[in-house]
Amino acid sequence: MKKLLQSLFVLLFVAVTAMAQDRTVTGTVTAKEDGLPLPGVSVKVKGSTTGTQTGADGKFTLKVPQGESALTFTFIGYVAKTVNVGASSTVNVTLEADTKMLSEVVVTSFGIQRDKKSLGYGTSTVSAEDLTTAKVTNVTNGLTAKVPGVRVNGSGGAFTGSSVIIRGFTTFTGSNQPLYVVDGIPIDNSGGATPLQSGASRSNRAIDINAEDIENLTVLKGAAATALYGSRAASGVILITTKKGGTKEKKSIEFSTSYNIGQVNRLPEYQNEYSQGSLGNYSATSQGSWGARIAGQTVTNWFGGAGAAFSAFYPTTEKLQAFPDNVKDIFNTAYNLQNNLSFTGGSDKSSYRVSYGNATETYVLDNNKLKRNNLSVNANTQVTKKLLVGTSFSYTNNTSIRTQQGNQLSNPLFRAYFTPRSYNLTGIPFETASGGQIWFNTEDHPYWSIKNNKYDDEINRLIGNVNLKYDVNDWITADLRVGTDYYNIKSSSFDEVGNRGGGNAGSSSTNVGGIVESQTNVRNLNSYFTLNANRKFGDFNLTGTLGNEIVQNSFNSSGVTGLTLVVPGFRNMKNALSYFPSFSAEKTRLVGVFGDLIVDYKNFFTFNVKARNDWSSTLSKANRSIFYPAVAASFVATEAFPELKANGKIDMIKFRANWGEVGKGAPAYATDTYFGTAGASDGFGPAISFPYNGLAGFTYGNAAGQPDITPEFTQEYEFGGEFSFFKNRLTIDGSYYERKTRNVILSVPVSGASGITSVFKNAGKLSTKGIELLVGGTPVKTKNGSYSLSVNYTQFESRVESLAPGVSNIFLGGFTTPNIRLVAGDEYGQIYGSGFQRNAAGQIIVQASGLPLATANVQKIGNPNPDWTMGISNDIVYKNFRASFLLDIRKGGDQYSRNIADVQRNGVAAETAAVNRFNPDGTLAKTFTFGGAFANGTPAMVLLTSEQYYGNAGKHVAAEGFIYDTSWFRVREASISYTLPKKALEKTPFGNLEIGLFGRNLYLYAPNYPHFDPEQNALGISNAQGLEFNSLPNTRTFGANLRVTF
Amino acid sequence: MKKFRNKIIVALTGVMLLGTTSCEKFYDINQDPANIKDAPLQQLLTSATVNVGFMGGSDLLRYSSLISQQFSGQSPGAETQQQQYEKYLISGSDVNNIWSNIYATTLTDLDLIISKSNAANSPHYAGVAKLLKAYIYQVAVDTWGNIPYSEAHKYTANLAPKYDTAESIYTSLITLIDEAIVNLNAGTSTLSPGANSTIYSGSFTTTRANWIKFANTLKLRIFLHYSEQNAAFATSRMNQLIASNATFFAANADNFEMPFQITAGAQNPIFQFETGSRKLNLVANKTLVDMMNTKVDPRRATYFTTVNGAYVGAVGGAASNPTIYSMIHTYLKGTTGEAPVRLLTFAEYNFIRAEAALRFGVTGNAQTFFEEGIKASMAAAGVSAADVTTYLAANGTLTGTNDNKLKQIIEEKFVASYGVMIEPWTDWRRTGYPSITKPSNAVVDYIPRSLFYPQSEIDLNPSNVTQKAGMNVRVFWDTKQ
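These protein sequences, in sequence, are chains A and B.
Quick note, this note's numbering runs 157 ahead of the 1-based positions in the first sequence.
Quick note, this note's numbering runs 7 ahead of the 1-based positions in the second sequence.
Right under this line is the structure:
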């Protein structure tokens, strides 16, 4: 961190040109600890503003006025030094490190700033630079592998975000995502949970934030750290501080631009020897590629058979050939262009930053584009000596168009991954002049769907706050902040006439077409007021905060589904024949009061007690009040016993411990049971929507409310330490924690025969144990550069201790088989599905045919939780070059892959043709076997053809067959940048100019996961992880960037 | 400056107090504006009748039609669920949905109508709701056997209802139907079902008679089911009912069925399944098609599509190649989803009477009812009078032994009950007709005689139910060896 502060310092303080003076003093500043030159040291004539900075080589040149001889050398982290140069024109100065000066200020709850050293709990901060290395549009993706204790899971597809799980799961069916707070005001990050069988996936709304506006991002992890944020912070808090100007800061204009291209990260390895067909014969209607050996023989294709009606579009016979790139050609090169312009500056009393950013991103499939415009203003002014008024606002306009995803026939990649190897997907027309589909299969043709089934949305969002800070006296300040997060999502989706999947408007729109238009307004209001006091009493320093917070969150959403479109291609609601409205709304209020007292003794022992009480509108009057306390302590051994530092090897030894509790209220409207709009449907698509034939219908809700619901509580204790050695060349920061959630608010499933299928209850317990570790080091540090690395390690295990009485499992998502469920006594969110029938010895039981059988009931087949995750960030500075790369390592974590199942069972995957499928005599070769045993126990070694083994009746019968270990090693991010030397810029208007190259997902090694990137899943940001169903691919990006300041 | 500072402090303190003052109105917003806490009888009934109609074209129809070999599962690619069901791979999880739809949606809405109609002084609503309830329970008993009845629908007061014996439920259903008839005949009822009922839609002065005919015909169906268990009892009750001058179905117009619409979102679920995302998953079964081919049955024209001019049925376990088989046709789907879902038909009534007369000597002429049954079915399938005559000439006479006559009745009933959920399977279980054989790929060595209980019940109501050993567990009336 120290080095980071140094480099930030260099970045922030632009060299001030020395004015013409009488004599020139030159010299070199070095660090006492290692004798290396110190760049960025401020050199000033004592008592004046005249000054300069040392360059990368530690050298400076300063014109000193006549009669002045005292120069002051200051540098963050070092003891300031004043040197009298006398009449000499050169001076060499050594500065001594000051560990006390090294205090890193950390923003905790409600803008309360703390010296990190005194904190009794672990926090992590990600700098702007680290967050934007790979220029990701969605800020949650920029967190991957960067923060210890945080598991960040991407989901693949277009413009998607990442699930962020801080120190494990804290609740069952509610959200486990953290609270995002921007400049003190909580913002909404809903969305991102991908529907399994319909539509396009919407982004989580953190995507509206421009990462380029972020100064830093702090992760508050444990209950003791988040207690003050109250009931919404049970899953942790991500505090985002935006960039601001500083008073007296020189005006500067910064412009940055980046452009990158994206490609599919991983595509299956295909066989290109065997044609569409089955049993070794070519067939033009087969989904699989189990056909004849491709040898240029002439065959009558689909146009000459079942598709004869379309014979005008393509020859009816063709010479069989493989099309190795027929799948690859579906994908294009995507791009991401970002431009940012900011104006920063400050006068004596005011400061400002105004910025504009835009981002345009496409995806590897056509008709996917996201455009974002961000306009932000941050301004602060000292109205009187005691009153500071500040404001920060950002407006976002975000539009996107997206393709269908999920387990549905309109997803262009539903079956495209296993397009028959002999089908010329790109070369054969896919639609008639009138737009009808030309396609042998029952789903939408991939190109037809990309072209015709559409989803688009537009978000207009305002996040802002006004802040008044008043110094009541020299030890009490008052702080009031009022903010809002308001946005509107307008979305429109369209299933073209002739579609086969009804992806957007449901199966009722199949063939006939449908349109869904919806508008959602989210309006969150938040205000907090704090009184902060800080006073010293002898050896004690007392800091206290008293505050209150008022929150009102509301949303309303209305939509219309129109079915049966009259004029194909006319994408307008007026074009529909029947209409189905929908409406939903929600409003919750919460008031909290809180206090925070910190007692600091002699700078080495700190004791912190906090408490908060919330009153939540979502609970009944009797249960409305939620109280939660926290205590934390830290002990800095090196301050208590300075002799520890005497040998110069130890800089800091600090221990910390804390205990805290966070309560969580119920979701809105869980205290009552309602009658909703009637409907009828089964799991196969057919559905009746109301109004039916002009009649309204109401039905009693299946989910019963519970008037007596009480808050759920997460309790946590944490032990940790921070250690720093060898002049901070080696730092270690680690925590062990245990958390327990009790009274989990849960919609408990009950016997449907009771008349309801679930009822809200406080039931169940959940616990997490984990460790997190951050080790930083600077193994190489020379005159010209340095190499530093930082390793963060995350390991936790969340266990479902108990569910509601009588409930053995809770379904989180998926299908009859496979699905993700919570099972009492097991780890969180396990994968259940059909297994292979096995005998007592564990052997697969095969039928006489040699084929396996699936179990009738589902069983546990996988655990999606990784054993651990690790990020290794490497930073190399050499002169004006900087290179960094982030390695992302994940050990363990299973996933069911439908895509892998598909490419195998349809005979397109390379392994299905690894052995010649034919014997020399032309019969099918039997070279595979399940081994196992027959039902009577005798060993079986029935040989099977590749099609029998991999096909629909073989490995594919049980979900167990497609559980893969996602362990990976990736080069997640890499960048190299070059900052032009100051000298080179002297005669230009530029204050600073940096150019760079960067990339993301540059290398993937996933030894146990074939064909696809394991970081693709079906349910996006939800509690159910570990299922992959026809997901859209993850991408690999590379690009270049430029940053200039004027 | 001092004044300014004081003002600020006052303002800030004010803001703080605003928050902490416990103001009940401030918190009193936990009411969902998008839903209602009570619903009128009328709209609850619409929900219930639509769900009853939908149910008849949904999961239970597919299971029973696959087992009784009217439908066959097929696939354009990987094995579909319909193919799995046809080989008797119907697990407890596969009936979770239909169970909760039956109990927690349809029966719940009916239960609330019954309880609310008393206070609303609207017995006509109670009568209709009780009849629908009786019908659903009859189907559910025939599907699973013992199920919750007496303790069902106590909501949060009893989250784990006990299971009643199927026989006791059957007894209760007759009582329930009798109560319903009394309610339907009530002279005054503040509210009466009208156009809001999607089954027997229209003015209650007209539809009252339909509901009462349905009540009596449903009783006959229940008694007939019961006959294997206790023939004498069933016989006497049927005779008693017929002698009471009770009204029964007298024309296809009386059919207990739910018409659907041509508009998207209101279409027949069989049509939706076929044209939606499950295209080519269900085709006609060889058992049914061959039976009709043998008799050159004119109903085939609306029952099935042709393949190269022929009617071709599939057998369970056949290789996936759906396009070589006949599909379900307009009789069940309509041209754009407007076909009704038939739940209890005039044709079935006639076959019930024919069988009752033949086997138990119940009042009536078996031959007459047999012919009427065929005629009613033919008319519903849009067959011309001339074709009906031809068909009857060849196939319309009961001949041979009583057993042979029974075979004729049930096989004709089998054809006529195409698209009626559960009943053809029930007839097979009761009589052994038509003769069906297991698919070659069956995963068990028997033809199912009931379905597994839902996995959700096994998980959530374990103190009252354990899973069946197999689908060969019989419903109480299924005693034929």
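Glycine included, C-beta positions come from ideal geometry on N, C-alpha and C.
Treat the numbers as computed from the prediction; the structure is a model and nothing was measured.
For residue i, the three-state DSSP class (helix, strand or coil)
i, result
"B:L287", "coil"
"A:P786", "strand"
"A:F1155", "strand"
"B:E93", "helix"
"A:R1129", "strand"
"B:A400", "helix"
"A:P343", "strand"
"B:F353", "helix"
"B:P200", "coil"
"A:Q178", "Since pLDDT at A:Q178 reaches only 44, below the 50 mark, its modelled position is unreliable, and the value read off the structure follows with that caveat. Residue state, collapsed to three classes: coil."
"A:L903", "strand"
"A:Y1166", "coil"
"B:K293", "helix"
"A:N698", "strand"
Distance between residue j and residue i (C-alpha atoms, nearest Å)
i, j, result
"A:N422", "B:N262", "60 Å"
"A:G349", "A:V521", "19 Å"
"B:F508", "B:T352", "In the structure as shown, chain B starts at 8 and stops at 488, and residue 508 of chain B therefore has no counterpart that could be examined."
"A:V788", "A:T282", "22 Å"
"A:V1065", "B:A401", "54 Å"
"A:N760", "A:E796", "7 Å"
"A:R1193", "A:A1058", "24 Å"
"A:A635", "A:S684", "13 Å"
"B:A239", "A:G912", "36 Å"
"A:D890", "A:E984", "27 Å"
"A:A1013", "A:V932", "49 Å"
"B:L183", "A:R324", "57 Å"
"A:Y644", "A:D345", "9 Å"
"B:Y453", "B:K445", "7 Å"
Proximity to residue i [Cα-Cα], best of the options
i, options, result
"A:E113", "A:T301, A:D287, A:S245", "The requested residue 113 of chain A is not part of the displayed model; chain A covers only 158 to 1203."
"A:E873", "A:S924, A:A1163, A:T856, A:V793", "A:S924"
"A:T939", "A:G933, A:R886, A:S915, A:R956", "A:R886"
"B:Y70", "B:V102, B:K44, B:S54", "B:V102"
"B:I109", "B:G60, B:S98, B:P130, B:H131", "B:G60"
Whole-Å CB distance - residue i paired with residue j, under 8 Å assumed
i, j, result
"A:D753", "A:G701", "7 Å"
"A:N249", "A:A227", "Between A:A227 and A:N249 the Cβ distance is about 16 Å, and since that is not below 8 Å, they are no contact."
"A:I322", "A:I366", "That belief does not hold up - the Cβ atoms of A:I322 and A:I366 are roughly 19 Å apart, past 8 Å."
"A:V264", "A:I620", "The Cβ separation is near 17 Å, so there is no contact."
"A:A662", "A:T599", "Not a contact, Cβ separation roughly 19 Å."
"A:Q676", "A:S715", "6 Å"
C-beta contact flag for residue i and residue j at 8 Å
i, j, result
"B:E379", "B:N411", "no"
"A:K884", "A:D272", "no"
"B:E418", "B:M298", "yes"
"B:A136", "B:I154", "no"
"A:L566", "A:G658", "yes"
"B:L413", "B:T438", "yes"
Residue i CB to nearest heavy atom of the ligand GTP below 7 Å
i, result
"B:L183", "As far as ligands go, the structure on display features none, and thus does not contain the ligand GTP."
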